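Data block below; observations after.
Residue numbers (my numbering), protein chains in the order written: chain A, 1056 to 1174; chain B, 6 to 106; chain C, 266 to 395.
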């Protein structure tokens, strides 16, 4: 089955991105396809490669980036939400790219399920 | 049929109450993150879930229970614990998912 | 490839519902959800918008944000009609619990009882909330 994933929160204030990551990983392990992971609201902060968590904390930016690399995931950061939060191309972690909200709607149309993670 | 996810403590926010008011018979509810605080016997909200137990299915995300130190606390009768793989299975099983953020 | 080729010709029309349950200004969700709905309206999908719980406060008439120095986006809800978003539902119980009625809202809406909203929500293919 093909899943679309929407992540509405960043890596540190809320658990939403952690849950989305664990869900996405479990879906891939079960042989499902991830159509796209779309980052909206503060979720755009998941793409910030300047983020430096403490050494004993998980690094969600890197985890998303690595999962994206391993499974060739489409990690899309919303341009409108990103710009107002200072997330630009030059600070995007590997695998993320910036695009419009239309990519989220498209995922809703093309995926079999759209799953929302937020606050 | 729809899967409803709830990630808010029912003692702080009304996501669980609103979901129970607006979810249809035959739908399922999955409690995740702080939503898992609503899954246990002997709380002030247990009766609200028990009331819908006959016409809806209830699930709770075990990793979030364990993280919160509630692994030994008895769940409301009829609530099924699932792991992340079980979460995926539920999303696949139900035709749509609604997150009560 | 322009949008028509990518999405229109697939002929897929799904029922998309946007559920607003949060008040404006205290958090950004209401504003960014409205931005999402306006983009979504450009796609040929069956769009519904629901306001329930504190989401009904998004539509309250008379918002004046000068002193808080934030953008008053309540007039933008009027654009929904221009974008052919016509299915706009407000839950009756949520309105009444907050001492409001349809006359207090910036746009005409369909006020629906929870029992009817249950059916409308259950019929959706994609539910977006923020």
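Every residue gets a Cβ at the ideal spot worked out from N, C-alpha and C, and that includes glycine. If you're wondering where the values come from, they're calculated on a predicted model, not measured in any experiment.
Going along chain B, which residues have a C-beta under 7 angstroms from residue i?
i                       : result
residue 1170 of chain A : 96, 102
residue 1085 of chain A : 90, 93
residue 247 of chain C  : Since the first and last residues shown for chain C are 266 and 395, residue 247 of chain C lies out of range.
residue 1078 of chain A : 89, 92, 93
residue 1141 of chain A : Ordered by position in chain B, no residue passes the 7 angstroms Cβ test against residue 1141 of chain A, which lies about 24 angstroms from the chain.
residue 1173 of chain A : 104, 106
residue 1074 of chain A : 37, 38
residue 1070 of chain A : 38
Where does residue i sit, in a helix, a strand or coil, going by DSSP?
i                       : result
residue 268 of chain C  : Residue placement at residue 268 of chain C cannot be trusted, given a pLDDT of 46 that sits under 50; what the coordinates show is reported in the next sentence. In the structure shown, residue 268 of chain C sits in a helix (DSSP, three-state: H, G or I).
residue 341 of chain C  : helix
residue 12 of chain B   : coil
residue 68 of chain B   : helix
residue 24 of chain B   : helix
residue 1172 of chain A : strand
residue 325 of chain C  : strand
residue 1120 of chain A : helix
residue 354 of chain C  : strand
residue 1153 of chain A : strand
residue 1115 of chain A : helix
residue 80 of chain B   : strand
residue 273 of chain C  : Annotation note: pLDDT 48 at residue 273 of chain C (below 50); position unreliable, coordinate value reported separately. If DSSP states are grouped into helix, strand and coil, residue 273 of chain C belongs with the helices.
residue 1145 of chain A : helix
residue 375 of chain C  : strand
residue 75 of chain B   : coil
residue 1105 of chain A : coil
Just to confirm the assignment, what range does the alpha helix (DSSP H) spanning residue i have?
i                       : result
residue 1079 of chain A : 1071 to 1084
residue 53 of chain B   : 51 to 57
residue 294 of chain C  : 294 to 305
residue 386 of chain C  : 379 to 387
residue 36 of chain B   : Segment 33 to 36 is the beta strand (DSSP E) holding residue 36 of chain B; no alpha helix (DSSP H) there.
residue 359 of chain C  : 357 to 362
residue 1160 of chain A : 1157 to 1165
residue 95 of chain B   : 89 to 98
List, in order along the chain, the chain B residues whose C-beta lies closer than 8 angstroms to that of residue i?
i                      : result
residue 333 of chain C : Result: empty, since nearest Cβ-Cβ is about 24 angstroms, beyond 8 angstroms.
residue 392 of chain C : 7, 101, 102, 103, 104
Give the interface partners of residue i over in chain C, defined as CB-CB distance under 7 angstroms, in chain order.
i                       : result
residue 1063 of chain A : 395
residue 7 of chain B    : 387
residue 1146 of chain A : Here the premise fails: no neighbours, minimum Cβ distance about 21 angstroms.
residue 19 of chain B   : 318
Check the Cβ of residue i against every Cβ in chain C and list those closer than 9 angstroms, keeping chain order.
i                     : result
residue 29 of chain B : 383, 384, 386, 387
residue 80 of chain B : The premise fails here: residue 80 of chain B is roughly 26 angstroms from chain C at the closest Cβ pair, so nothing lies under 9 angstroms.
Apply the 10 Å Cβ neighbour rule to residue i and answer buried if 16 or more other Cβ atoms are within range, or exposed otherwise.
i                       : result
residue 318 of chain C  : buried
residue 15 of chain B   : buried
residue 308 of chain C  : buried
residue 1126 of chain A : exposed
residue 1059 of chain A : buried
residue 31 of chain B   : exposed
residue 326 of chain C  : exposed
residue 1138 of chain A : exposed
residue 33 of chain B   : buried
residue 1136 of chain A : buried
residue 1161 of chain A : buried
residue 8 of chain B    : buried
residue 281 of chain C  : buried
residue 356 of chain C  : buried
So what does residue i bridge to, in DSSP terms?
i                       : result
residue 1088 of chain A : A/1057
residue 1066 of chain A : None, per the DSSP bridge assignment.
residue 283 of chain C  : C/314, C/393
residue 62 of chain B   : B/33
residue 1182 of chain A : Nothing can be reported for residue 1182 of chain A: it is not among the residues displayed for chain A, which extend from 1056 to 1174.
residue 86 of chain B   : B/65
residue 7 of chain B    : B/101
For a contact meaning CB atoms closer than 7 angstroms, what does residue i contact in chain A?
i                      : result
residue 293 of chain C : 1096
residue 281 of chain C : 1163
residue 350 of chain C : Correct list: empty, because the minimum Cβ distance to chain A is about 13 angstroms.
residue 277 of chain C : 1164
Taking Cβ-Cβ distances shorter than 8 angstroms, what residues in chain A pair up with residue i?
i                      : result
residue 300 of chain C : 1135, 1156
residue 375 of chain C : Simply none; closest approach about 23 angstroms.
Since residue i meets chain A, which of its residues come closer than 9 angstroms, beta carbon to beta carbon?
i                      : result
residue 305 of chain C : 1156, 1157, 1159, 1160, 1163
residue 310 of chain C : 1160, 1163, 1164
Where do the ends of the beta strand (DSSP E) carrying residue i lie?
i                       : result
residue 101 of chain B  : 101 to 105
residue 308 of chain C  : Premise fails: residue 308 of chain C is in no beta strand (DSSP E) and is neither H nor E.
residue 1132 of chain A : 1130 to 1133
Closer than 9 angstroms by beta-carbon distance: list the chain B residues that pair up with residue i, in chain order.
i                      : result
residue 286 of chain C : 19, 20, 23, 105, 106
Please identify, using Cβ separations under 7 angstroms, the residues of the segment 21 to 53 of chain B that lie next to chain F, in order along the chain.
No chain F is part of this structure, whose protein chains are labelled A, B and C.
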